[in-house]
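To start, the structure itself, in structure tokens.
In this note's numbering, the protein residues as written are -14 to 267.
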């Protein structure tokens, strides 16, 4: 049986963009990964943050985003959504303790990645190529009934080991781990801080979220983004940030928790209960 399923409790979460149903592409494959962020990798009792990441694959493109954000995009593709449902979902998303922040668009024809992520007070996006420096190894193992092969990659300041299967000949994986001759089912960086595990594979269900560039988003190069990225999150954890915020909306969730949205629906301060781990070191 080539399928591993887990029970996932999730809410339908919505972001502040309007999606046209005309641009929605049916998904040929959806893959849910479990992302583990280990704050003390060598300590079995160390803190671990867990979230779920969805890879949605169409004929010519794919999208990687937080599983809850995927549900949001799926709802937006429907007609006549009650605005109250949208507001409630936005609050649930914003209140989540663990959340996969970037939205990654992958263009198969161009072999390009487009990275979208908010850093207060703005939204940003940049493009880069698929990784090309993969080293294919000789090791193999079985994951969820699929024969997987080892591959290694130095990327964004981390040394990754990925396990891909040629039985699903798609060049995608979790996050930006793309460009291999098969789907990546699992991956871990050499420090043990970041692990992606296969949770579930779904065939031909749902949609591939359309490529969306919000009008308010700024195009930036990767180096400029990383400079902002590395400066922002440590400071947010220690003192919060409000510079450049021109509007704020306070909402209360179903559990009574208050959430503040700023500038085009960006969460004013995300909660990282165990501290922030940089997915991209450089």
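Ideal placement from N, C-alpha and C gives every residue a C-beta, glycine not left out.
- Cβ atoms of residue 99 and residue 117 stay farther apart than 8 Å, at about 17 Å.
- Within a 10 Å sphere around the beta-carbon of residue 120 sit fewer than 16 other beta-carbons, which makes this residue exposed.
- By the C-beta criterion, the region 16 to 33 is judged to be in contact with the region 175 to 188, since at least 3 inter-stretch pairs fall below 8 Å.
- Secondary structure at residue 134: strand, using DSSP grouped into helix, strand and coil.
- With a beta-carbon spacing of about 7 Å, residue 193 and residue 42 fall inside the 8 Å limit used to define contacts.
- Taking 4 residues as the shortest admissible run, the region 154 to 210 contains no complete alpha helix (DSSP H) segment at all.
- If you look at residue 85, you'll find it isn't in any beta strand (DSSP E); DSSP assigns it neither H nor E.
- Residue state for residue 37 is assigned as strand, using DSSP reduced to three classes.
- Residue burial is scored here from C-beta neighbours: residue 57 has at least 16 other C-beta atoms within 10 angstroms and is therefore classed as buried.
- Nearest C-alpha to residue 10 among 147, 196 and 136: 196.
- Residues of the same chain with a CB within less than 7 Å of the CB of residue 136, apart from the 5 flanking positions on each side, are 119, 120, 121, 122, 147, 149 and 165 in chain order.
- Closest option to residue 97, judged by alpha-carbon separation, among 214, 259, 161 and 134: 161.
- Closest by C-alpha distance to residue 215, out of 190, 266 and 202, is 266.
- Here the C-alpha atom of residue 130 lies approximately 12 Å from the C-alpha atom of residue 185.
- The Cβ neighbour count for residue 85, taken over all protein chains shown within 10 Å, is at least 16; the residue is labelled buried.
- Shown here for residue 189: same chain residues with a beta carbon closer than 8 Å to its own, the five before and five after excluded, namely 11, 12, 13 and 14 in chain order.
- In the DSSP annotation of this structure, residue 95 is not part of any beta strand (DSSP E), being labelled neither H nor E.
- Contact between the region 198 to 205 and the region 100 to 110 is present, with at least three C-beta pairs closer than 8 Å.
- Closest in alpha carbon position to residue 47, among 92, 114, 102 and 167, is 92.
- Residue environment for residue 59: buried (at least 16 other C-beta atoms within 10 angstroms of its C-beta).
- Residue 83 is positioned such that its CB atom lies no closer than 8 Å to that of residue 49.
- In chain order, 125, 150 and 152 place their CB closer than 7 Å to the CB of residue 132, counting only its own chain and leaving out the 5 sequence neighbours on each side.
- In this structure, DSSP gives residue 124 an extended state, which the three-state scheme calls strand.
- Counting other Cβ atoms within 10 Å of its Cβ, residue 171 reaches 16 or more and is therefore classed as buried.
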